[in-house]
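Heads up, the thing below is written out as structure tokens.
Chains as they are written, first to last, in this note's numbering: chain A, 60 to 337; chain B, 5 to 321.
Below is the structure:
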């Protein structure tokens, strides 16, 4: 396990030196600071009495705080889920190709490491980065609204963790792509493609009606069956963030599906990497 | 060359540091039936404690050979044993220091941070004082706290060498270690490598700078077209045919000397003698002196490594 942690630390150190990742963290901090300083919420007996943003009153009816905050947390969950994955795809696309680049991979492979340590460590490093960013953003939001309203919920944090699970499946595809081609652009493209595929897969039943019955519909259903249902996971995350019952039938089954897909993608990557010459 | 004798004395009766038998490597590309052969049955033994140089023309398979003995490239056929074990074994690789031909270093890191990270990955305890000493040894003490991105090519190469030296490895495999280093720096690097060999480290050096190889290594293998075409002690390779140069005092009868079996050289008074042993050489000299010629100088005609390489590769081609 130590070599895997060593590679993860290597990746995190590399990430810390990237200006756009630091800029992203600064961006999250600024957004949280702006929300914290510009939003004023008055709560009386557990009900939201008045809200002021930049000093202007936001016209709302008096409602229980948890009900009033539902759309806010829901929107935040969608932003964290899709925004986080898209940023992750762009920001982390060159970690694996960079590590596998000529002059670096030879050096790493000559160190006393197993090949799988390199991939596992890269995956762990990127997921630590994603989880850290998510917990920082979602946790900050929870903290701000908790302090301002006295309503404390773990919903946004759980939603953030689900976003990380979705990103893990997408990054597994990106990492595997890197073992075939050492190109950051192609890794990002593969990640983007699977994100779109995952969104479509979440609506597969509704979308399949647009295909004529027969080969086309069967092919669509077969392909989307294999993809992780990321849009369904996003909706479940939003429901959890808003503390409303998830609309999906089984969150557990959905997570198992995403996990199996991610694991399958990683297995292909590990197999490819084990037999590859550099 | 003068160091070679010292090194070779330490080489005897030790198990080999690298033992390669019938090593073949064929690279296959997608959608192509036929692969390209990089190595075609290489047999090579590198004695422990020796300073071994691998030379050959571009495309001879030198880098593929180095990658094969490190497990970076998986051989198509043949066996590789390094330090008595498989190069795939992390315990074996922990005893190897490697400097790749174009080491990519993270530009935003400092040299000390990079050394500490590599030390951790090597399973060593990061020791800042020892790392600083290592950087001092390769001439980077003053730049230790600077970001690697601001380093010159030579400085990066020095840092690569420091990284390879981490943990006092038993086997040093260096691919073009002096590439980009200025002449003074090369002298320093050569001194470090010689110190390492004297310490008992086996050095495996691939350098296109033949003078460098000649000065550092005591054994050399010439790789051409994926095969080892010549291998041995440097003096043996450089000796070539048993040929001597004899210079005679002015007034020597050139015709008589030629009749005595000596070959006239380009310069006046200079003759060549082919002799495979002291007895033959002295017999030829006796004949020459019998003509009245006075010998003023006698030396063995040796070839430098460049001549050996050109001669060998030319023959192999």
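By construction, the Cβ of each residue, glycine as well, lies at the ideal position given by its N, Cα and C atoms.
These numbers come from a predicted model, not from an experiment.
Any C-beta of chain B under 7 Å from that of residue i
i	result
residue 333 of chain A	no
residue 156 of chain A	no
residue 162 of chain A	yes
residue 336 of chain A	yes
residue 273 of chain A	no
residue 65 of chain A	yes
residue 69 of chain A	yes
residue 79 of chain A	no
Helix, strand or coil at residue i according to DSSP, with G and I counted as helix
i	result
residue 166 of chain B	helix
residue 131 of chain B	coil
residue 322 of chain B	The structure shown does not extend to residue 322 of chain B, since chain B is modelled only from 5 through 321, so no value can be given for it.
residue 223 of chain B	strand
residue 44 of chain B	strand
residue 163 of chain A	coil
residue 169 of chain A	coil
residue 306 of chain A	coil
residue 298 of chain A	helix
residue 78 of chain A	helix
residue 14 of chain B	Residue placement at residue 14 of chain B is poorly supported in this model, since its pLDDT is 45, which falls under 50; the coordinates still yield a value, given next. In this structure, residue 14 of chain B counts as coil in the three-state DSSP scheme.
residue 151 of chain A	coil
residue 101 of chain A	strand
residue 61 of chain A	helix
residue 2 of chain B	Any property of residue 2 of chain B remains undetermined from this structure, which presents chain B solely from 5 to 321.
residue 189 of chain A	helix
residue 264 of chain A	helix
residue 312 of chain B	helix
residue 210 of chain A	coil
Cβ neighbour criterion (16 or more within 10 Å) applied to residue i
i	result
residue 71 of chain B	buried
residue 121 of chain A	exposed
residue 230 of chain A	buried
residue 210 of chain B	buried
residue 79 of chain A	exposed
residue 278 of chain A	exposed
residue 196 of chain A	buried
residue 157 of chain B	exposed
residue 113 of chain B	buried
residue 187 of chain B	exposed
residue 101 of chain B	buried
residue 285 of chain A	exposed
residue 171 of chain A	buried
residue 103 of chain A	exposed
residue 298 of chain A	buried
residue 13 of chain B	Only weak support exists for where residue 13 of chain B lies, its pLDDT of 39 falling under 50; the value from the coordinates is given anyway. Counting Cβ neighbours within 10 Å, residue 13 of chain B comes out exposed, since fewer than 16 surround it.
residue 133 of chain A	buried
residue 333 of chain A	exposed
Residue from the options with nearest C-alpha to residue i
i	options	result
residue 309 of chain B	B:215, B:295, B:298	B:215
residue 292 of chain B	B:116, B:35, B:268	B:268
residue 82 of chain A	A:150, A:107, A:104, A:72	A:150
residue 173 of chain A	B:253, B:76, B:87	B:76
residue 247 of chain B	B:98, B:282, B:197, B:271	B:282
residue 95 of chain A	A:119, A:105, A:104, A:110	A:110
residue 254 of chain A	A:274, A:222, A:267	A:222
residue 82 of chain B	B:45, B:145, B:94, B:66	B:45
residue 77 of chain A	A:99, A:208, A:154	A:154
residue 90 of chain A	A:176, A:161, A:198	A:198
residue 167 of chain A	B:284, B:124, B:111	B:124
residue 219 of chain B	B:299, B:201, B:111, B:229	B:201
residue 177 of chain B	B:205, B:192, B:190	B:205
residue 242 of chain A	A:73, A:145, A:160	A:160
residue 98 of chain A	A:70, A:235, A:115	A:115
residue 172 of chain B	B:140, B:80, B:203, B:66	B:203
residue 174 of chain B	B:208, B:164, B:256	B:208
residue 258 of chain A	A:128, A:144, A:330, A:327	A:144
Cutoff 7 Å: residue i Cβ touching any chain A Cβ
i	result
residue 121 of chain B	yes
residue 10 of chain B	Low confidence applies to residue 10 of chain B: its pLDDT is 37, below 50, so where it sits in the model is not reliable enough to give any reading.
residue 125 of chain B	yes
residue 102 of chain B	yes
residue 86 of chain B	no
residue 77 of chain B	yes
residue 134 of chain B	no
Interfacial residues, the region 104-118 of chain B to chain A, with Cβ spacing under 9 Å:
104, 105, 106, 107, 108, 109, 110, 111, 112, 113, 117
So if I threshold CB-CB distances at 7 Å, which residues from the region 294-313 of chain B count as touching chain A? none
Scan the region 283-309 of chain A for residues whose Cβ lies nearer than 7 Å to a Cβ of chain B and list them as they occur along the chain.
none
For this session: Taking only beta carbons into account, state which residues of the region 164-175 of chain B come closer than 7 Å to chain A, listed in chain order.
Result: none
**Message:** Any C-beta of chain A within less than 8 Å: which residues of the region 43-66 of chain B qualify?
**Reply:** none
Members of the region 166-177 of chain A that neighbour chain B once the beta carbon cut-off is set at 8 Å:
166, 167, 168, 169, 170, 171, 172, 173
Contacting positions in the region 247-269 of chain B - beta carbon closer than 9 Å to chain A: none
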